[in-house]
Amino acid sequence: MVEIARSCAEVRAFLAVPRRAGERIALVPTMGDLHGGHLALVRRSREVAPFTVVSIFVNPFQFAEGEDFDSYPRSTETDIERLEVLDVDLVFLPPISEIYPAGPENSTRVEVPGLGSILCGAMRPTFFRGVATVVTMLLNAVQPHVALFGEKDYQQLLVVRRLVDHLKLPVAVESVPTVREADGLAMSSRNRYLAPADRRRAPILYRSLREASERIRSGERDYHALGLHYMKALERAGFRPDYFSVRRAGDLESPAPEDRELVVLAAAWLGPARLIDNVSCTLGPGPA
Ligand code: PAF
Numbered sequence: 191m192v193e194i195a196r197s198c199a200e201v202r203a204f205l206a207v208p209r210r211a212g213e214r215i216a217l218v219p220t221m222g223d224l225h226g227g228h229l230a231l232v233r234r235s236r237e238v239a240p241f242t243v244v245s246i247f248v249n250p251f252q253f254a255e256g257e258d259f260d261s262y263p264r265s266t267e268t269d270i271e272r273l274e275v276l277d278v279d280l281v282f283l284p285p286i287s288e289i290y291p292a293g294p295e296n297s298t299r300v301e302v303p304g305l306g307s308i309l310c311g312a313m314r315p316t317f318f319r320g321v322a323t324v325v326t327m328l329l330n331a332v333q334p335h336v337a338l339f340g341e342k343d344y345q346q347l348l349v350v351r352r353l354v355d356h357l358k359l360p361v362a363v364e365s366v367p368t369v370r371e372a373d374g375l376a377m378s379s380r381n382r383y384l385a386p387a388d389r390r391r392a393p394i395l396y397r398s399l400r401e402a403s404e405r406i407r408s409g410e411r412d413y414h415a416l417g418l419h420y421m422k423a424l425e426r427a428g429f430r431p432d433y434f435s436v437r438r439a440g441d442l443e444s445p446a447p448e449d450r451e452l453v454v455l456a457a458a459w460l461g462p463a464r465l466i467d468n469v470s471c472t473l474g475p476g477p478a
């Protein structure tokens with residue numbers, strides 16, 4: 191049976207034993223409704239540390255007014271069964287009052303300026319503040335040696351890396367590649383919001399990202415025009431795109447001609463589902 195902790199004090203008490211034994215502890219933060227992407231994080235965690243904690247917490251602070259906090263899929267019992275099969279050591283299942291005793295709005299918050307307010311942060315202005323705050327809190331509660339995040343949420347991954355760096359948190363952040371359905375759609379809890387016809391067209395997002403990345407590798411350098419082209423193409427295919435953008439992989443700034451490590455990112459709505467995805471793009475050595 192997997193152990194369950196509902197308070198930070200319980201987590202600390204439970205982790206005292208592996209900590210004293212000098213065992214590496216890994217944390218996989220999730221909002222539950224676990225799919226193949228989460229399970230890949232857990233499997234990787236089991237490879238890098240003998241002790242794995244998975245947190246399941248649907249964080250109200252990262253949902254804006256009118257977003258899907260109330261309807262966000264919750265399936266705690268099935269989640270726990272899946273984690274048991276993967277031999278997870280501890281599941282942290284805090285109630286909202288444990289994470290935000292003064293309520294989300296009155297709690298101390300963590301903000302990552304710049305990186306947190308572009309792309310998805312421009313569309314969802316309070317989202318990364320909510321993510322950065324809860325991730326900091328979870329890292330403090332668990333004090334893991336390593337924390338694992340999926341590459342599908344690429345901007346989130348960079349926000350977490352930056353807050354860990356700025357706040358000098360003693361944790362290694364490891365990323366795990368996006369897990370996809372057979373047709374290429376990135377796995378996400380929100381995919382279940384897709385109506386059948388939208389589900390069939392959803393893989394166009396990933397195909398467009400790959401195509402754009404190929405065009406860059408083949409010499410296309412007008413990233414702005416490329417972004418506009420795919421925004422229009424997605425609209426024609428029935429999406430409502432928020433952005434389609436080529437950025438520098440390390441910090442999501444606009445690429446300079448000498449930058450070689452790029453990432454193409456997109457967010458687009460299909461009905462009530464907001465899909466995000468990205469494809470990395472490494473260029474060969476530039477002209478001397
Ligand atoms: O990616 C997620 O599921 C969430 O944003 C996270 C990192 C668990 C924070 O709530």
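Heads up: the sequence shown at position 145 corresponds to 335 in our numbering, and the numbers run straight through without jumps.
Where is the CB? At the ideal position from N, CA and C, for every residue including glycine.
Keep in mind that this is a model prediction, so the values were computed, not measured.
Closest in C-alpha terms to Gln345, from the list Ala456, Gly212, Leu205 and Ala195, comes Ala456. Counting only heavy atoms of the ligand PAF, the residues whose C-beta sits closer than 6 Å to one of them are, along the chain, Pro219, Thr220, Met221, Asn249, Gln252, Val321, Val324, Val325, Asp343 and Gln346.
In the three-state reduction of the DSSP assignment, Ala239 falls in the coil class.
For Leu395, the uninterrupted alpha helix (DSSP H) run begins and ends at Ile394 to Arg407, by DSSP. Here the C-alpha atom of Leu309 lies approximately 26 Å from the C-alpha atom of Lys358.
Less than 8 Å separates the beta-carbon of Ser245 from that of Phe282. Asp432 and Ser444 have their C-alpha atoms spaced approximately 17 Å apart.
Judged by their CB atoms, Lys342 and Ser287 are not nearer to each other than the 8 Å cut-off. Counting only the Cα atoms, Asn249 lies some 16 Å from Gly311. With a minimum length of 4 residues, the unbroken runs of alpha helix (DSSP H) contained wholly in the stretch 289-368 fall at 310-313, 317-332 and 344-356. In this structure, Leu305 lies away from Thr326, with their beta-carbon atoms at least 8 Å apart. Its chain contains Val201, Leu205, Ile215, Ala216, Leu217, Val218, Val278, Asp279, Leu280, Val281, Phe282, Val332 and Pro334 as the residues whose beta carbon lies nearer than 8 Å to that of Val243, once the 5 sequence neighbours on both sides are disregarded; these appear in chain order.
In this chain, Val192 is not harboured by any alpha helix (DSSP H), its DSSP state being neither H nor E.
Met421 and Ser398 have their C-alpha atoms spaced approximately 10 Å apart.
Rounded to whole angstroms, the separation of the alpha carbons of Val453 and Glu295 is 34 Å. A contact is defined here as three or more CB-CB pairs under 8 Å, and the stretch 363-383 fails this definition with respect to the stretch 315-323.
Taken through DSSP and simplified to helix, strand or coil, Asp269 comes out as helix. By the Cβ-count criterion, Arg390 is exposed, with fewer than 16 other Cβ atoms from all chains shown falling within 10 Å of its own Cβ. Beta-bridge pairing by DSSP links Val275 to no other residue.
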